[in-house]
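In the numbering used here, each residue's number is its place in the sequence shown (first place is 1) plus 71. From the three backbone atoms N, C-alpha and C, an ideal C-beta is built for every residue, glycine too. A quick write-up on the structure given underneath.
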Amino acid sequence: MSTRTLVIAAFALLSAACSAIAAGPPEIVVDTTACSHCGMLVSEPIYAAAYQAQGQPPRVFDDIGCLLEALRGEATVPAEVWLQEAGGAGWLDADTAIFVASTRIPTPMSGGVLAYAAAAAAETAATAHGGQMLRSWQEVRTWKGEAK
72 MSTRTLVIAA
82 FALLSAACSA
92 IAAGPPEIVV
102 DTTACSHCGM
112 LVSEPIYAAA
122 YQAQGQPPRV
132 FDDIGCLLEA
142 LRGEATVPAE
152 VWLQEAGGAG
162 WLDADTAIFV
172 ASTRIPTPMS
182 GGVLAYAAAA
192 AAETAATAHG
202 GQMLRSWQEV
212 RTWKGEAK
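Here's what the structure looks like:
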């Protein structure tokens with residue numbers, strides 16, 4: 072193989088690598104990353120959420136309620152949905168999270184939903200906020216809270 076062919080092949084591989092969309096939840100930079108729905112900066116990561124549609128970069132939301140509202144208004148079907156664990160443990164896959172929903176939870180956009188990794192923590196939060204536990208992402212999608 073000639074040097075020119077190797078250089079062209081290396082350039083093609085580099086271009087493909089740079090244009091590839093990273094898999095997994097996005098990084099949030101506090102007070103810099105903006106919500107894809109309302110435009111507010113994410114200043115309290117424990118309320119944040121994100122999704123990624125097939126072949127698209129991830130979209131970040133400052134509140135689970137913003138993510139829900141965005142999904143209601145779009146034809147997009149997310150391949151992956153991630154939520155920040157309300158106890159501060161980082162990203163959770165929406166399919167494994169346990170949720171607490173209450174109009175009394177002071178989330179940034181009044182979405183009123185928190186995600187937890189453990190049922191015991193969710194139960195404690197539900198009691199503290201006069202809320203209800205939702206055990207699936209589908210239940211959260213149909214909850215009739217005050218999502219904006």
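Those residues which DSSP pairs with residue i across a bridge
i: LEU163; result: LEU154
i: GLN123; result: GLU151
i: TYR187; result: ILE169
i: ALA105; result: LEU112
Start and end residues, beta strand (DSSP E) containing residue i
i: ARG130; result: 130-132
i: ILE169; result: 169-172
i: MET204; result: 203-205
For residue i, the nearest candidate out of the options (CA to CA)
i: GLY95; options: GLU140, HIS108, THR104 and ALA120; result: ALA120
i: CYS137; options: ALA105, ALA193 and VAL100; result: ALA105
i: GLN125; options: THR147, GLU194 and ALA157; result: THR147
i: LEU154; options: ALA186, GLY110 and VAL100; result: ALA186
Neighbour-count burial assignment, residue i, 16 or more Cβ in a 10 Å radius
i: GLY182; result: buried
i: SER207; result: exposed
i: GLY202; result: buried
i: GLU210; result: exposed
i: ASP102; result: exposed
i: ALA165; result: buried
i: ALA191; result: exposed
i: ILE100; result: The question names Ile, yet the displayed sequence has Val at residue 100. VAL100 comes out exposed.
i: GLN123; result: buried
i: THR178; result: buried
Span of the alpha helix (DSSP H) around residue i
i: VAL211; result: 208-213
i: LEU139; result: 135-143
Cβ separation of residue i and residue j, assumed to be a contact under 8 angstroms, to the nearest whole Å
i: ILE176; j: ALA193; result: Going by Cβ atoms, the distance from ILE176 to ALA193 rounds to 12 angstroms, so no, they are not a contact pair.
Within-9 angstroms CB hit, residue i to chain B
i: THR174; result: Protein chain content of the structure displayed is limited to a single chain, and chain B is not contained in it.
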